[in-house]
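The end of the sequence shown is residue 304 by our numbering, with every number in the run present.
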Amino acid sequence: MKKIVLVKYILSFALIVTSVAIKAQQNNLAYAVAWKQSAAEHVALYHQGFNIAKLQVEQAINDGNKQQKPLAIISDVDETLLLADSYWAYMIANGRDFFDDAVWDLWVKEDLFSASPGSLEFSEFCRINNIEMFYVTNRDQGEKTFEIAKQNLETAGFHDVDAEHLFVLRETSNKDIIQQGIMKDFQVVTVLGDNLNDFSRDYYLTDVEQRKSLAEKRSHLFGIEHIVFPNPTDGHWMRAIFGTSEPTATSPNRELLHEAASRDAWSMDE
Ligand SMILES: [Mg+2]
């Protein structure tokens, strides 16, 4: 009798281990996070973005006699200047496959961001050349959101993070009004972001094809007025698929993700 109980115990333990292993293997976020965490290409793309931004600034400085306003850069914060690697690693380590706002809010307060590759060097280049850097972010961690964002940027090593340069949008992800305000007083050389919404609200669409076709129409702006950094884990590209930027971890959403990934799939029989 005791032997049967022991076998049952071993079998149920093996089942749990197997299900945990399958769960880990099936995590929808794993590919994207593995790429962020380990791909040298991820590092290279950030350097590429900041190298292009530097070229644009150098060109604007050389065109000095054409300037009527002081030069400036507008940058998004999260996944552009600051990387949230240990948040995403936590999600994978704990079997989570969709962004979790509650975990995010706790993590942000821990002040564990790192500066993205090349961002501090670019920031220093701007400081030396008297180019103002404006930080425009959409975040909401309550009353202290501004202070937390300021602290995150300063801890990572960014300069001039004050009320004149840091804009924190708690109620909306629409950055157009703030950016237009900056553009009244400054000649903005280029805007940096990981989400096309960082450049224009026009990209705030819930249709994949419309969003892609708008990017095609504005292809002449990329690398010049708009410098894009890679982000496969979150952003408004997800809103185009799910109808919301932060879809919940449900079976229907996992189905939608699968549909998005398999759209236009090759049909072997045709
Ligand atoms: Mg961002």
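C-beta atoms are modelled at their ideal positions from N, C-alpha and C, and glycine is treated no differently.
Quantities reported herein were computed from a predicted structural model and do not represent experimental measurements.
In this structure, does DSSP put Gln-175 in helix, strand or coil?
Gln-175: strand per DSSP, three-state reduction.
Between the segment 220-230 and the segment 106-124, can you find at least three pairs of beta-carbon atoms closer than 8 Å?
Three or more Cβ pairs drawn from the segment 106-124 and the segment 220-230 lie within less than 8 Å of each other, which places the two stretches in contact.
Neighbourhood of ligand 1 [Cβ distance below 7 Å to any heavy atom], ordered by chain position
Every residue passing the under-7 Å Cβ criterion appears here: Asp-110, Val-111, Asp-112, Glu-113, Thr-114, Gly-227, Asp-228, Asn-229, Asp-232, Asn-265, Gly-269.
State whether the segment 136-153 contacts the segment 73-84, with contact taken as three or more CB pairs (one from each stretch) at a distance under 8 Å.
A contact exists between the segment 136-153 and the segment 73-84.
For Leu-146 and Asn-172, which I take to be in contact (beta-carbon distance under 8 Å), what is that distance rounded to the nearest angstrom?
Contact flag wrong, Cβ pair sits at about 20 Å.
How would you write the range of the alpha helix (DSSP H) that Ser-120 sits in, first residue to last?
Judged by DSSP secondary structure, Ser-120 falls within the alpha helix (DSSP H) whose first and last residues are 119-127.
Skipping 5 residues on each side, what residues in its chain have a beta carbon closer than 7 Å to that of Glu-280?
The beta carbon of Glu-280 lies closer than 7 Å to those of Phe-133, Asp-135 in the same chain, with the five residues before and after it left out.
Thr-189 by DSSP, collapsed to three states: which one?
It is helical.
Thr-206 and Leu-63: beta carbons closer than 8 Å?
Their beta carbons are not under 8 Å apart, which means Thr-206 does not touch Leu-63 by this criterion.
If you reduce the DSSP assignment to three classes, tell me which class Tyr-238 lands in.
Coil, per DSSP.
For Asp-131, which residues from the same chain have a beta carbon less than 7 Å from its beta carbon, with the 5 sequence-adjacent residues on both sides left out?
Counting only Cβ-Cβ distances below 7 Å, and skipping sequence neighbours, we find Asn-61, Asn-62, Leu-63, Ala-283.
Using only the alpha-carbon positions, how far apart do Ala-127 and Lys-70 sit?
If I take the Cα positions, the gap works out to 15 Å.
Between Gln-175 and Met-167, what straight-line distance do the alpha-carbon atoms span, to the nearest angstrom?
Each residue's CA atom was taken as its position, placing Gln-175 and Met-167 some 23 Å apart.
The alpha helix (DSSP H) that contains Ser-109, what's its start and end?
From DSSP, Ser-109 is part of no alpha helix (DSSP H) but of the beta strand (DSSP E) over 105-109.
One or two residues paired with Tyr-169 in a DSSP bridge:
Paired residues: Ser-109, Leu-200.
Find out if the Cβ-Cβ distance for the pair Phe-263, Thr-114 is shorter than 8 Å.
Against a cut-off of 8 Å, the Cβ pair of Thr-114 and Phe-263 comes out as a contact.
Residues of its chain near Asn-186, where Cβ-Cβ distance is below 8 Å and the 5 sequence neighbours each way are ignored:
Excluding positions up to five away in sequence, the list reads Val-111, Leu-116, Val-142, Asp-145, Phe-147.
Between which two residues does the alpha helix (DSSP H) holding Gly-277 run?
Following the DSSP letters along the chain, one finds Gly-277 in no alpha helix (DSSP H), marked with neither H nor E.
Starting from Ile-212, trace the alpha helix (DSSP H) both ways and give me its first and last residue.
Annotation for Ile-212: the continuous alpha helix (DSSP H) segment containing it runs 210-219.
Close beta carbons around Asp-303, own chain, < 7 Å, minus the five adjacent residues each side
Closer than 7 Å at the Cβ level, and outside the excluded window around Asp-303, lies no residue.
Along the chain, where does the alpha helix (DSSP H) containing Met-254 start, and where does it finish?
Reading off the sequence shown, one finds His at residue 254, where the question assumed Met. Note, His-254: premise wrong, no alpha helix (DSSP H); not H, not E.
Per-residue burial, Trp-271 [other beta carbons within 10 Å of its own, 16 or more giving buried]
With 16 or more other Cβ atoms from the protein chains shown falling within 10 Å of its own Cβ, Trp-271 counts as buried.
State yes or no: is the C-beta of Ile-376 within less than 8 Å of the C-beta of Val-91?
For the chain, the structure presents residues 35 to 304; residue 376 sits outside this window and is missing.
Once you ignore the five residues that flank Val-242 on each side, which residues in its own chain have a CB closer than 6 Å to its CB?
Correct list, in chain order: Ala-274.
Cβ separation of Gly-269 and Thr-240, assumed to be a contact under 8 Å, to the nearest whole Å
Not confirmed; about 14 Å, so no contact.
Give the straight-line distance between the Cα atoms of Val-222 and Ala-78, rounded to the nearest whole angstrom.
Their Cα atoms are separated by approximately 25 Å.
How about Asn-208 and Arg-235: do their beta carbons lie closer than 8 Å?
Less than 8 Å divides the Cβ of Asn-208 from the Cβ of Arg-235.
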